[in-house]
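Numbering (our numbering), first residue to last: 69 to 195.
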């Protein structure tokens, strides 16, 4: 197997929870109201650093769809699926888009907005 080169993303990104490979930009989120078998999922216009599995017909909550599972290039974890085609005209907006299962991804936190920062006592409070 050859060396894996990952695409880096500029801006707030979602990353693989296991290997931290960048997967999609926050600005590419189409919907945060999708569901999967284990809970929430997000629909994205674009995704990077993924491999696409074989195409299959799958019955989903919104009907029969042609989809492919998607996997992280960095660690091989299944991340969600890509909509290849849909039968229902009201669902056509999903075609070519990617669903990332929320529990498999992590949102990147920039240092300037780090909510885990700990307050420290000042010298005056220690005296």
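Glycine included, every Cβ here is placed at the ideal spot set by N, Cα and C.
Model, not experiment: these values are computed from the prediction.
With DSSP run on the structure shown, which of helix, strand or coil describes residue i?
i           : result
residue 96  : helix
residue 106 : coil
residue 76  : coil
residue 172 : helix
Quick one: what's got a C-beta closer than 6 Å to residue i's C-beta in the same chain, skipping five residues either side?
i           : result
residue 74  : 89 and 117
residue 175 : 82
residue 87  : 142 and 143
residue 131 : 156
residue 121 : 136 and 137
residue 95  : none
Ignore the nearest five residues each way along the sequence and tell me which others in residue i's own chain have a CB closer than 7 Å to its CB.
i           : result
residue 135 : 124, 126, 149, 150, 151 and 152
residue 85  : 172, 173 and 174
residue 145 : 84, 86, 139 and 172
Which same chain residues end up closer than 8 Å to residue i when comparing Cβ atoms and leaving out the 5 residues on each side of it in sequence?
i           : result
residue 107 : 169, 170 and 171
residue 80  : 93, 94, 95, 175, 176 and 178
Looking at the unbroken beta strand (DSSP E) that takes in residue i, where does it start and where does it end?
i           : result
residue 140 : 131–140
residue 147 : 146–154
residue 163 : Careful: residue 163 lies outside any beta strand (DSSP E) and carries neither H nor E.
residue 84  : 81–84
residue 120 : 118–128
How many whole angstroms separate the CB atoms of residue i and residue j, which I take to be in contact at a CB cut-off of 8 Å?
i           : j           : result
residue 119 : residue 143 : The Cβ separation is near 11 Å, so there is no contact.
residue 111 : residue 103 : With 8 Å as the limit, residue 111 and residue 103 do not qualify as a contact, their Cβ atoms being about 11 Å apart.
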